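Working notes for the structure below.
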Amino acid sequence: MEALFQTKRMIALPAEAKDIPFIIYMENDPANRNFIWQGTEEQHRAEIADPAHILAVFRGEDGRNIGYMLCHLDRKSEVFELRRIAIDAKGQGYGREAMEGTMRFAFETLRMNRFWLDVYPDNAVGIRLYKSLGMHRDGMLRQSYKSERGYLDQIIYSMLKGEYFARSSAVPEADWLLWKQKAPQSLETERLLLRRVTEADFEKVHSVLGDPEVMYAWEHGFSEEETRAWIAQTLARYEEDGFGHYAVEVRETGEFVGVIGLIREKLCGYPLLGIGWMLCKACWGNGYATEAAGAVIRDAFDHLHVKEILADIRPENTASRRLAERLGMKAKYEIVKRYRGKDMVHIVYVIKADLSDKK
Ligand SMILES: CC(C)(COP(=O)(O)OP(=O)(O)OC[C@H]1O[C@@H](n2cnc3c(N)ncnc32)[C@H](O)[C@@H]1OP(=O)(O)O)[C@@H](O)C(=O)NCCC(=O)NCCS
């Protein structure tokens with residue numbers, strides 16, 4: 000039987016008929032039976048045969064069964080419902096390991112969008128585990144199930160695809176502090192100078208941010224007021240984070256090309272390092288963006304020891320997507336961002352330090 004996924008100490012295998020007695024034992028064990036439903040042999044056989052269910056056992060290195068899980072898949076809506084999970088050897092980290100593996104399987108292998116489960120309010124261990132995995136408490140279904148213990152509430156916890164991936168890219172506070180110290184004030188490439196933006200750059204910056212075609216992703220060119228606010232925000236970023244967009248100029252002529260740089264972003268609630276670029280239209284097609292953004296990325300990896308950099312780009316923004324791809328960034332997942340009351344799909348591109356090193 001081919002494994003569904005593997006963790007440090009276990010493999011998850013699709014359950015076979017011979018595993019059903021173990022599953023029934025787990026479901027009826029007094030340590031578990033208050034928290035999970037009990038299935039019959041017949042029901043478990045049906046789950047094994049049904050492509051919309053995955054019944055799996057977690058097996059240890061010594062061949063011993065450590066636990067099991069049952070999930071239901073709604074492939075049309077890309078929803079993975081974890082219906083039951085139980086671990087026999089409790090309190091040894093197997094539950095966390097199994098949950099991490101199951102989420103990875105749901106999001107990375109099956110490419111699901113939503114992972115969810117319900118839990119009874121008195122299941123302290125389960126709730127603590129789901130919270131610490133970063134799951135979102137969607138709400139509570141009151142008295143939703145009548146069991147031998149009476150009417151039980153069910154709390155719904157979920158995680159969305161964007162949250163799953165953003166969580167693994169979250170930057171720890173110590174890294175932000177280090178980068179604040181080490182981020183360079185300027186960078187030079189063969190043809191370009193990247194230096195800090197100042198208030199005196201207003202006209203130049205506005206010639207770029209005021210152009211609706213350049214600001215395609217925002218769906219409007221910035222007003223003068225918005226450009227001033229953008230500059231103020233960039234200066235605040237230098238102060239708070241030690242970095243932000245650079246003003247990019249052609250070294251030989253001083254011609255203003257646009258703004259490119261690293262930015263501290265919040266994606267799905269997690270602090271991440273992003274890269275942003277806005278280039279004046281007349282400068283497109285000269286390879287300036289690739290040259291400048293490439294230098295920013297290289298410096299971040301080599302000098303700041305950044306592990307990964309993200310760029311969230313709207314699917315229709317072909318120029319930006321091509322630039323990201325030319326820089327070696329890979330489209331990893333999609334998120335929905337709300338801007339001015341409108342939901343906009345963004346593709347999240349990622350470049351990791353170890354990949355760029357191999358180039
Ligand atoms: C819920 C369950 C799957 C967790 O598996 P586990 O292997 O026992 O859990 P882990 O050892 O990985 O620990 C997970 C978290 O729970 C905490 N925990 C474990 N046992 C605990 C206990 N007795 N009291 C309080 N917290 C406990 C751990 O400290 C850990 O949190 P931390 O990493 O923040 O410290 C398992 O306990 C189980 O089978 N329970 C019965 C069935 C069930 O409730 N299924 C879920 C239905 S929604």
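Numbering (numbering that gives the first Met the number 0) for the sequence shown: 0 to 358. Note that beta-carbon positions come from the ideal geometry of N, C-alpha and C, so glycine has one too. Because the structure is a prediction, the values reported are computed rather than measured.
Return the first residue and the last residue of the beta strand (DSSP E) that residue i is part of.
| i | result |
| --- | --- |
| N27 | Careful: N27 lies outside any beta strand (DSSP E), inside the alpha helix (DSSP H) at I19 to N27. |
| G268 | Note, G268: premise wrong, no beta strand (DSSP E); not H, not E. |
| K280 | That residue, K280, is in no beta strand (DSSP E); it is neither H nor E in DSSP. |
| V247 | H244 to V249 |
| R362 | As displayed, the chain neither begins before 0 nor continues past 358, which places residue 362 out of reach and without an answer. |
| L69 | N64 to D73 |
| I10 | M9 to P13 |
Helix, strand or coil: which one does DSSP assign to residue i?
| i | result |
| --- | --- |
| H52 | strand |
| M102 | helix |
| G293 | helix |
| K89 | coil |
| K341 | strand |
| E329 | Strictly speaking, residue 329 in this sequence is Lys, with Glu absent from that position. Here K329 sits in strand by DSSP. |
| V349 | strand |
| E198 | helix |
| L322 | helix |
| G94 | helix |
| R58 | strand |
| G253 | coil |
| R263 | strand |
| K336 | strand |
| L208 | helix |
| F164 | helix |
| P34 | Before going on, a small fix: residue 34 reads as Phe here, not Pro. Looking at F34 - three-state DSSP - the assignment turns out to be coil, as it is neither helix nor strand. |
| T108 | helix |
| A45 | helix |
| A169 | coil |
| E367 | Missing from the structure shown is residue 367; the chain here goes from 0 to 358 and no further. |
Taking the alpha-carbon positions, what's the residue i to residue j distance?
| i | j | result |
| --- | --- | --- |
| A88 | A97 | 12 Å |
| D117 | V247 | 51 Å |
| Y24 | Y156 | 26 Å |
| R74 | L81 | 14 Å |
| I334 | V347 | 7 Å |
| R127 | Q42 | 30 Å |
| R313 | Y338 | 12 Å |
| W229 | I259 | 13 Å |
| L12 | Y67 | 9 Å |
| Q184 | L192 | 11 Å |
| G59 | A292 | 46 Å |
| D356 | R148 | Low per-residue confidence applies at D356: pLDDT is 45, beneath 50, and the placement is therefore not dependable enough to give any value. |
| K181 | E223 | 32 Å |
| P29 | K145 | 18 Å |
| R83 | C70 | 7 Å |
| H244 | V204 | 11 Å |
| A323 | I10 | 36 Å |
| Y287 | A14 | 55 Å |
| L3 | E198 | 56 Å |
| K331 | V349 | 7 Å |
| R320 | T289 | 12 Å |
| E202 | T233 | 15 Å |
Provide the residue(s) that pair with residue i in DSSP beta bridges, ordered along the chain.
| i | result |
| --- | --- |
| L3 | In the DSSP output, where bridge partners are listed per residue, L3 has none listed. |
| W115 | E80 and S157 |
| M139 | I154 |
| P360 | Past the boundaries of the shown model lies residue 360; the chain is included only from 0 to 358, so the question cannot be answered. |
| E187 | L192 |
| Y144 | L151 |
| I308 | I350 |
| G275 | G260 |
Considering only heavy atoms of ligand 1, does any lie closer than 7 Å to the CB of residue i?
| i | result |
| --- | --- |
| R95 | yes |
| V56 | no |
| I84 | yes |
| A11 | no |
| F34 | yes |
| G92 | yes |
| L132 | no |
| G100 | no |
| R113 | no |
| G125 | yes |
| L109 | no |
| A359 | No answer is possible for residue 359: the residues shown for the chain start at 0 and end at 358. |
| L151 | no |
| L116 | yes |
| L69 | no |
Starting from residue i, trace the alpha helix (DSSP H) in both directions and tell me its first and last residue.
| i | result |
| --- | --- |
| D240 | E223 to D240 |
| A173 | E172 to K181 |
Kindly indicate if chain D contains any beta-carbon less than 8 Å away from that of residue i.
| i | result |
| --- | --- |
| Y93 | Of the protein chains in the structure, only one exists, and it is not chain D. |
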